[in-house]
């Protein structure tokens, strides 16, 4: 907004002009009035002189004219003619004419001459006349002198008044105004530190006092704005940190997805189109990741029976998740593989499905082979009882094949457990990451709205609202990212431990808690809970990976078998020291194990839920790890309807194993 043009008349000039007009105008009016009065008195003086002189002559020469004494009359006329105003004087006899005459020709000039006559009477008779000429020159000279005196007096008065008024105005108005202009200029240039002191207690002093109030208010506002700017900078810095943490979390999740050994896929829920797949899935199906997520090629079909896909999606829509669903998939080369599918719904920009696929072809083939082998072994035992010596060699070969198959089944069991673990962790990560994404989007919209409001003119209320909403959003982001970070950290440690058999020192409580965190997604879908009471001071020099596998299998076995028909249940994990050993217990208040089955639970392939998520290898793996790798022993106590307790007694220092030994 441009300022209006300034007038060239300054305050100093305006005041001087006003003073001159205020002083000179009255003085000029007074001078005009006095001049008029003098001119009026000039006429009166001329008439007065004429009347007086004419009367004097008329009275003076009356007797001389009667007596015809011309000498006496002449003397009187000459005396009267000496008056500077008299130009000529003439006395006439009515009978003889001029009787006496006197004239001063030098007095005839440019000035006006007034003539008057007067009759001379003697005893009532007219005997003559007096004719008198008067010039205005002496009176004009006198008038000029008086006017000069008056003019000089007025001029001195005007000059003195103007100087006095200007001096007072300079001290009382101009100098304070200059000081006020200087202080205002200082404020305009941002100098708010030095106070503004009023010079006098008058109107200008009041303006200076108000200017000091303005300075203090501006200084307070500037300080407040600086604090808010600093707070805004800190808030923006924290926001950048949160966004960086969010990007790191997304990168970690992406790395976890793409580098996972479990085949994973991300599909759009609406049409089942692949949005992303990891290398493990592409390798498993014999296709490239680019071909599977190519939008132009449409949805690639891998289900041997397309109806299975719809059945699977209907189950997902009904329950919200799918676990351990057996399907047959057809690879690109046409071969058929048996798989278990785990599905979770992720609420992202659009509803998506996270799919984990575990190839259990080897497991199913091994189960069929084992069943066939068991049948054939029973038949062979009957048939070859008579030829036991010849059958020993064949039996040893069968046992060797059985051991290899057992090892394959153990490995498949581990991969299946890890797949369930990945699906559960992905489901748990969905909530904090989805919340973080929603808050980050809100922050982005707030930033855009705040930038627009800044362009329109920043208000204090707008800034305070923006800071409050940003702090609230940052707090929500931090809490959700902390939850996601803890989940990822726990999963990473558990995944590293369970996929390796490295020996190290570890705190029993930390390992158990990490296992519990990774198992919580499976328990959270049920009314059953896990309680753990592990002392902090128990340290082991052992194998956390195999031990974690033991705890995972015990919890999975409890969840699968212990609470059939129960609406609630508790699993308790406890530990205590016993000299150089640690006693670890996994206890539940479930349905218990019957006496007929209690001595079979550690046998391979023994399960009461074959074909219903049970493989019969979970507790067998637990027994082998505890008695083998960990160098301990395991016992089970159970009473139907009152629960089961598994007790592990393990040395604090596990026995050393040879290089390359395998767990399980």
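Residue numbers (the numbering used here): 23 to 686. Every residue gets a Cβ at the ideal spot worked out from N, C-alpha and C, and that includes glycine.
Comparing alpha-carbon positions, which option in 596, 315, 552, 247 lies nearest residue 485? With respect to the C-alpha of residue 485, the residue from 596, 315, 552, 247 having the closest C-alpha is 247.
Where are the beta strand (DSSP E) runs, 3 residues long or more, that stay fully inside the segment 533-603, in chain order? Counting only runs of 3+ residues, the beta strand (DSSP E) found wholly inside the segment 533-603 occupies 550-555, 561-564, 591-600, in chain order.
At what residue ranges does the segment 129-212 contain a whole run of the alpha helix (DSSP H), taking only runs of 4 or more? Along the length of the segment 129-212, whole alpha helix (DSSP H) runs at least 4 residues long occupy 159-191, 197-210, reported in chain order.
Given a threshold of 16 other Cβ atoms within 10 Å of its Cβ, counted over all protein chains shown, does residue 15 qualify as buried or as exposed? No answer is possible for residue 15: the residues shown for the chain start at 23 and end at 686.
Go to residue 269, then tell me how far its beta strand (DSSP E) extends in each direction, as first and last residue. DSSP places residue 269 in no beta strand (DSSP E) but in the uninterrupted alpha helix (DSSP H) bounded by 225-281.
Is it the case that the Cβ atoms of residue 367 and residue 288 are separated by a distance below 9 Å? Cβ atoms of residue 367 and residue 288: not closer than 9 Å.
In whole angstroms, what is the alpha-carbon distance linking residue 670 and residue 656? Distance between residue 670 and residue 656, taken at the CA atoms: about 5 Å.
Measure the C-alpha to C-alpha separation of residue 281 and residue 677 and round it to an integer number of angstroms. Cα-Cα distance, rounded: 33 Å.
Measuring only the C-alpha atoms, how far is residue 515 from residue 545? Model confidence at residue 515 stands at a pLDDT of 46, short of 50, so the residue's coordinates are unreliable and nothing is read from them.
Using the Cα positions of residue 162 and residue 147, report the straight-line distance between them to the nearest angstrom. When rounded, the separation of the alpha-carbon atoms in residue 162 and residue 147 is 39 Å.
Put residue 338 into one of helix, strand or coil per three-state DSSP. When secondary structure is reduced to three states using DSSP, residue 338 falls in the helix class.
Cα-Cα separation, residue 85 to residue 77: Roughly 14 Å separates the two Cα atoms.
Identify whether residue 383 lies in helix, strand or coil by the three-state DSSP scheme. Looking at residue 383 - three-state DSSP - the assignment turns out to be helix.
Run through the DSSP bridge pairs and tell me what residue 360 is partnered with. Beta-bridge pairing links residue 360 to 350.
Nearest-angstrom beta carbon gap, residue 285 and residue 379 [assumed within contact, 8 Å]: Correct: roughly 4 Å between the Cβ atoms.
Would you say residue 547 faces chain D, with C-beta separation under 9 Å as the test? The displayed structure is made up of one protein chain only, and chain D is not part of it.
Report yes or no: do three or more beta-carbon pairs, one from the segment 127-141 and one from the segment 181-195, lie closer than 8 Å? With a cut-off of 8 Å, the segment 181-195 and the segment 127-141 do not count as touching, because too few Cβ pairs lie within range.
Sufficient close CB pairs (3 or more, under 8 Å) joining the segment 226-234 to the segment 195-208: These segments touch.
Just tell me which of 529, 542, 59 has its CA closest to the CA of residue 557. When the alpha-carbon of residue 557 is set against those of 529, 542, 59, the nearest one is in 529.
Looking at residue 360 and residue 346, is the spacing between their C-beta atoms short of 9 Å? At the C-beta level, residue 346 and residue 360 stay beyond 9 Å of one another.
Where the beta strand (DSSP E) containing residue 215 begins and where it ends: It is not in any beta strand (DSSP E) - residue 215 carries neither H nor E in the DSSP assignment.
Residue range of the alpha helix (DSSP H) that includes residue 102: Where residue 102 is concerned, the enclosing alpha helix (DSSP H) starts and stops at 92-103.
Beta-carbon separation of residue 68 and residue 107 under 9 Å? Yes, Cβ-Cβ distance for residue 68 and residue 107 is below 9 Å.
In this structure, how does DSSP classify residue 624 when only helix, strand and coil are distinguished? Three-state result, residue 624: coil.
Please classify residue 394: does DSSP put it in a helix, a strand, or coil? Looking at residue 394 - three-state DSSP - the assignment turns out to be helix.
Can you tell me whether residue 639 is helix, strand or coil according to DSSP? The answer is coil: DSSP assigns residue 639 none of H, G, I, E or B.
Backbone secondary structure at residue 669 - three-state DSSP: Correct three-state label for residue 669: strand.
Go ahead and pull the three-state DSSP assignment for residue 49. Note: residue 49 maps to helix in three-state DSSP.
Distance between beta carbons of residue 173 and residue 53, contact taken as under 8 Å: Rounded, the Cβ-Cβ distance is 7 Å, consistent with contact.
Inter-residue spacing [alpha-carbon to alpha-carbon] between residue 192 and residue 38: Taking the straight line joining both Cα atoms gives about 10 Å.
Assuming residue 301 is part of the alpha helix (DSSP H), what are its boundary residues? Judged by DSSP secondary structure, residue 301 falls within the alpha helix (DSSP H) whose first and last residues are 301-307.
Please report the Cβ distance between residue 176 and residue 49, rounded to the nearest whole angstrom; I am assuming they are in contact, meaning their Cβ atoms lie under 8 Å. The C-beta separation of residue 176 from residue 49 comes to about 5 Å, placing the pair in contact by the 8 Å criterion.
When you compare only the Cα positions, how much space is there between residue 100 and residue 57? If you take the alpha carbons of residue 100 and residue 57, they lie about 34 Å apart.
With a threshold of 7 Å on Cβ separation, who are the neighbours of residue 614 within its own chain once the five nearest residues in sequence on each side are excluded? So the list reads 660, 661, 662, 663, 664, 665, 666, once near-sequence residues are dropped.
Checking 9 Å against the spacing of the C-beta atoms, do residue 18 and residue 300 come in under that value? An answer regarding residue 18 cannot be provided, because it is not within the stretch 23 to 686 covered by the chain.
Nearest candidate by alpha-carbon position, reference residue 4, set 290, 333, 392, 306: The chain is shown only over 23 to 686; residue 4 falls outside these bounds and no answer can be derived.
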